[in-house]
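K.L.:
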Amino acid sequence: MAEPVFIRPESLSDVSTHYCPGCTHGIFHRLVAEVLDELGLRERTVGVAPVGCSVLAYNYFDCDFHEAAHGRAPAVATGIKRARPDLIVFSYQGDGDLASIGMAEIVHCANRGEKVTVVFINNAIYGMTGGQMAPTTMPGQVATTCQMGRDVELAGYPIRMAELISTLKTPAFIARASGHTPLHAVNAKEMLRRAFRYQAEGRCFSMVELLSTCPTNWGMPPAEAMKWLEKNMLPYYPLGVFKTPDGGDRAPHPIQPDGRD
Amino acid sequence: MAKKLMKGSEAIAEAAVQAGCHLFFGYPITPQNEIPEYLSSRLPQVGGTFVQAESEVASINMLYGAAGTGERVMTSSSSPGISLMAEGISYIAGAELPVVLVNIMRAGPGLGGILPSQSDYFQTTKGLAHGDFRVLALAPWSIQEAADLIQDAFDLADYYRNPVMVVGDGLIGQMMEPVEFREDRRPIKELPPKTWASTGWKKDRPKAIINSLFLDPEELERHNFKLKAKYDEMEREEIRFAYYGPEEGELDVLIIAYGTVARVGLTALEELGEQGIRVGMIRPITLFPFPYEAIRNAADRAKHILVTELSTGQMIEDVHLALRDGRPLHFHCRLGGMLISPEEVIDKVHEILEGRSEEIRHG
Amino acid sequence: MQKDIILAGFGGQGILLIGKMLAYTGMQEGKEVSWLPSYGPEMRGGTCNCTVVISDRPVGSPVIQRPRAVLAMNLPSLEKFEPDLRPGGHLFINTSLISQGAQRDDIEVVDVPANDIAQELGNPRGANMVALGAYVGVTDAVSVEQLENVVRHTFAAKPSVIDVNIEALHRGIELGRQHAAGKED
């Protein structure tokens, strides 16, 4: 009998998700789950789900989970980790949750150096509530609350969370990756692996910002959305490692087509 | 253990530690700062953790996380801070997590002032936050009782898997009185193991999901009925009150007061007794569940009823509910951080007996 | 039997401290006690006061509107609390800092030149101890022996100030007793 070469990670539940066709949440759920499996962390992992499209993430990851109030996942994660430092704690948050209503919690969680991992999904829009402008919506990008496109005179510029968190003095691992091509997804997984490893070693706070698409609310087919991300988001949201606990800050640089980091 | 002269806030904090609470998350606000200050140095001594959060909003969500792991956890704040925590308390109630909350009430609305008040009675017992939930609320009248109720609060929270709030006015936070901690203290309830806690899943139990989201209305209704059953059990099992004054015979006046206001009432009651006036006093110790029946029974033998509160009239609505008959009541209050004195209560009782006090009717 | 007192003065005069020592001594003697401070922004450099109740029975109201005794360490305190004193109550006036006397004649006034005595003893910060001593000397609210123990306990971390504070306390007690004796004569 042939050996299966592609199986569901143990850290993912055997269920269908509610995500829209072409949504990149599925990719990133899988990458997180693969990393938990490969590092052997699943049995001591507690996840924290946000409010947003991934509100039901607790049904998709096969580990203990908390569902947090909107924006508060880093505070909930802090509580879990402080109560049980032996647990591996991660939050999985979107851009409205983390960069808008939850701005205070993410900044202070990072600044305290909580030994938790934040998986930050940036798709430049509010998904679940129907495509409103997010703090990360691109200039000129149309959303239901900026129907003529984001006007930077009124709404300011999109917030670069990885850069912002990297300015904190507290040691951390901060990276940005993307999932719009298989190569980028491989790189994203590597960033997640480093993030969880730093936590498992008790080293530092870690956050990986993952550029994502929202075909439904962007109003385009999934393949086109991937291209839109590359054309519009990549120049503004550079990929790379922004900060490590070892070497202080590093200038971000784009990953190379041949896979060299 | 010998008696110690302790500030209320410190006694509350120490009682929590002795009840096995090794985690505290909070944000500074007067007049309860001595609670976090005390715990910031005390908790590390017992291997515990203190976190000064970035806001009350963050504090309550840290509680949500920590309580979800099954550990005993507490926060404390004062009125405006409790308002900020309201959303998180609703989530905690929805997710059925045991936490202990302390509200050292100050006068409002808004920023108000920092002096004692009982203006959060409605907030505590009726409308703490969105959704259909209750918190079990305990109102101590002395530092010793505050310490005792804090310890009970952890047992009650664990038993009911529900937030328990200890409400004191500013006097409870700032006053010093002798306190004794019982070394032989046993839990007041039989506490079930926390099999629901998120402690890492080795597939030896159902996956722990700490959650208040129920998108299926039938499922949410079942959840709501489950919560209601807990609140009903609290109303059957947890009502606490105290009565002071003549045990038998007709009362000229029945005073109803809680917290430190009842201390003032007790002094007035004793002085009025010396004047030959028969005064009794009922002191609710649980604000939810409220001692409706006890008040109804005591009122049956009283000619007049006087409610005293540091609010414009909040608990008095529950007294009206208790009496059922629309019977008129007398009311005395001080507001804004001003306190009721025994002399005021004595004067009010004389006014009532001489027919000079205006009555308040309900409805 | 209840003894109660409002102690009042400037922030920094050690008012809250002597109130605590009084309550602590009462507790050590097996009495019921409460200590209630004023608190708020005015504590910083402004006036401050605390109420101490010592009783044979559980303390009812810790808030005392008609105190049996008032200690006024400065003029604003005298003006604020003299009217509240019960008829026949004791008014302790720190005459070192207050030049005006009492307005009422239905109370018992005890003049305590607390700062002068403390200065004389070379312990200018001991004025509060002199005042505390005077109160105990007049009212016997707590036993001198227990109070001494509490003073030792309170200043245990600073042994060098124990003796000077006990000396100040005793000068106050002496003054109080002389006042009480003078009244009997």
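Protein chains in written order, with this note's numbering: chain R, 1 to 261; chain L, 1001 to 1363; chain Z, 2001 to 2185. Idealized CB from N, CA, C, for every residue including glycine. The model shown is predicted, which means the values in this text are computed figures rather than measured ones.
I need the straight-line Cα distance from Arg2057/Z to Gln1018/L, nearest angstrom please.
P.N.:
In a straight line, the C-alpha of Arg2057/Z is about 28 Å away from that of Gln1018/L.
K.L.:
If distances are taken between C-alpha atoms only, which option among Pro4/R, Arg203/R, Ile165/R comes closest to Met103/R?
P.N.:
Minimum Cα distance to Met103/R is reached at Ile165/R.
K.L.:
Start and end of the beta strand (DSSP E) containing Leu2036/Z?
P.N.:
Counting along the chain, the beta strand (DSSP E) containing Leu2036/Z begins and ends at 2032–2037.
K.L.:
Could you name the residues of the same chain whose beta carbon sits closer than 7 Å to that of Pro1246/L, not counting the 5 residues immediately before and after it, in chain order?
P.N.:
Cβ neighbours of Pro1246/L beyond the five flanking positions: Arg1278, Gly1280.
K.L.:
Can you look up Thr216/R in the DSSP assignment and give me helix, strand or coil?
P.N.:
It is helical.
K.L.:
Check the C-beta distance from Leu1366/L over to Arg1334/L and give it rounded, since I have them as a contact under 8 Å.
P.N.:
One cannot answer for residue 1366/L here, as it falls past the ends of chain L, which runs 1001 to 1363.
K.L.:
In chain order, what residues of the same chain have a beta carbon less than 8 Å from the beta carbon of Val1135/L, not counting five sequence neighbours either side?
P.N.:
Same-chain partners within the cutoff: Ile1089, Ala1093, Leu1101, Thr1124, Leu1128, Asn1162, Pro1163, Val1164, Met1165, Phe1288.
K.L.:
Is there a Cβ from chain L that is less than 8 Å from the Cβ of Tyr58/R?
P.N.:
Yes, because at least one Cβ of chain L sits closer than 8 Å to the Cβ of Tyr58/R.
K.L.:
Taking three-plus beta-carbon pairs below 8 Å as touching, is the region 2082–2102 of chain Z in contact with the region 1337–1356 of chain L?
P.N.:
Taking 8 Å as the limit for Cβ pairs, the verdict is that the region 1337–1356 of chain L does not touch the region 2082–2102 of chain Z.
K.L.:
Between the beta-carbon of Val2063/Z and the beta-carbon of Val1264/L, is there less than 8 Å?
P.N.:
Against a cut-off of 8 Å, the Cβ pair of Val1264/L and Val2063/Z comes out as a contact.
K.L.:
Find the nearest neighbour of Val1099/L within the set Ile1143/L, Pro1109/L, Tyr1159/L, Gly1048/L, judged by alpha-carbon distance.
P.N.:
Comparing Cα positions, the closest option is Tyr1159/L.
K.L.:
Tell me which residues of the region 2003–2037 of chain Z have at least one Cβ-Cβ distance to chain L shorter than 8 Å, keeping chain order.
P.N.:
Against chain L - using a Cβ distance shorter than 8 Å - the residues of the region 2003–2037 of chain Z are Lys2020, Ala2023, Tyr2024, Met2027, Glu2032, Val2033, Ser2034, Trp2035, Leu2036, Pro2037.
K.L.:
Is Lys1226/L close to chain R, meaning its C-beta is less than 8 Å from at least one C-beta of that chain?
P.N.:
For Lys1226/L, the answer is no, since every Cβ of chain R falls outside 8 Å of its Cβ.
K.L.:
Assign Pro4/R to buried or exposed, taking buried as 16 or more other Cβ atoms, counted over all protein chains shown, within 10 Å of its Cβ.
P.N.:
That one is exposed.
K.L.:
When the Cα of Ile1172/L is compared with those of Met1338/L, Phe1241/L, Glu1010/L, which residue comes out closest?
P.N.:
Of Met1338/L, Phe1241/L, Glu1010/L, the residue nearest in Cα terms is Glu1010/L.
K.L.:
How about Lys2031/Z and Ser2055/Z: do their beta carbons lie closer than 8 Å?
P.N.:
Cβ atoms of Lys2031/Z and Ser2055/Z: closer than 8 Å.
K.L.:
Measuring alpha carbon to alpha carbon, tell me which of Ser1076/L, Leu1323/L, Leu1215/L, Gly1200/L ends up nearest Phe1050/L.
P.N.:
Considering only alpha carbons, the answer is Ser1076/L.
K.L.:
Gly131/R to Thr181/R, Cα distance in whole Å?
P.N.:
Spanning the two alpha carbons is a distance of roughly 24 Å.
K.L.:
Mind checking the region 2053–2081 of chain Z against chain L and listing, in chain order, the residues whose C-beta falls within less than 7 Å of any C-beta there?
P.N.:
Listed by position, the residues of the region 2053–2081 of chain Z near chain L (Cβ gap below 7 Å) are Gly2060, Ser2061, Pro2062, Val2063, Gln2065, Arg2066.
K.L.:
Kindly indicate if chain R contains any beta-carbon less than 8 Å away from that of Leu1128/L.
P.N.:
So, not an interface residue.
K.L.:
Met207/R and Ile174/R: beta carbons closer than 8 Å?
P.N.:
The answer is yes: Cβ separation under 8 Å.
K.L.:
Let me see if you follow: with CB-CB separation under 8 Å, is Trp1384/L close to chain R or not?
P.N.:
Since the first and last residues shown for chain L are 1001 and 1363, residue 1384/L lies out of range.
K.L.:
From the DSSP secondary-structure annotation, give me the bridge partner or partners of Tyr1244/L.
P.N.:
Paired residues: Met1281/L.
K.L.:
Three or more C-beta pairs under 8 Å: does that hold for the region 69–85 of chain R against the region 111–118 of chain R?
P.N.:
With a cut-off of 8 Å, the region 111–118 of chain R and the region 69–85 of chain R count as touching, because enough Cβ pairs lie within range.
K.L.:
Can the beta-carbon of Glu163/R be found closer than 8 Å to that of Phe242/R?
P.N.:
Cβ distance < 8 Å, so Glu163/R and Phe242/R count as in contact.
K.L.:
Whose CA, out of Gly1131/L, Arg1106/L, Gly1070/L, lies closest to the CA of Lys1194/L?
P.N.:
Among Gly1131/L, Arg1106/L, Gly1070/L, the Cα nearest to that of Lys1194/L is on Gly1070/L.
K.L.:
Taking the straight line between their C-alpha atoms, what separation do you get for Thr2051/Z and Pro2113/Z?
P.N.:
Taking the straight line from one Cα to the other gives about 22 Å.
K.L.:
Among the candidates Arg1324/L, Asp1252/L, Val1261/L, whose CA atom is the shortest distance from the CA of Ile1352/L?
P.N.:
The candidate whose alpha carbon is nearest that of Ile1352/L is Asp1252/L.
K.L.:
Run through DSSP, which three-state label would Lys1004/L get?
P.N.:
If DSSP states are grouped into helix, strand and coil, Lys1004/L belongs with the strands.
K.L.:
Can you round the beta-carbon distance between Val2164/Z and Leu2121/Z to whole angstroms, since I take them to be within the 8 Å contact cut?
P.N.:
Contact flag correct, Cβ pair sits at about 7 Å.
K.L.:
Find the residues of chain R that neighbour Ser1055/L, judging by a C-beta separation of less than 7 Å, and give them in chain order.
P.N.:
Per Cβ cutoff of 7 Å: Ala104.
K.L.:
When we look at the beta-carbon of Glu1054/L and count the other beta-carbons within 10 Å, is it buried (16 or more) or exposed?
P.N.:
With 16 or more other Cβ atoms within 10 Å, it is buried.
K.L.:
Given a cut-off of 8 Å, decide if Val1167/L and Met1234/L are closer than it, judged by their beta-carbon atoms.
P.N.:
No, these two residues do not count as a Cβ contact at 8 Å.
K.L.:
Output, in sequence order along the chain, the residues in the region 1002–1033 of chain L whose CB is closer than 8 Å to any CB in chain R.
P.N.:
Against chain R - using a Cβ distance shorter than 8 Å - the residues of the region 1002–1033 of chain L are Leu1023, Phe1025.
K.L.:
Name the chain L residues whose beta carbon is nearer than 7 Å to that of Leu87/R?
P.N.:
The contacting residues are Gly1200.
K.L.:
Tell me the DSSP secondary structure of Met1175/L in three-state form.
P.N.:
Met1175/L: coil per DSSP, three-state reduction.
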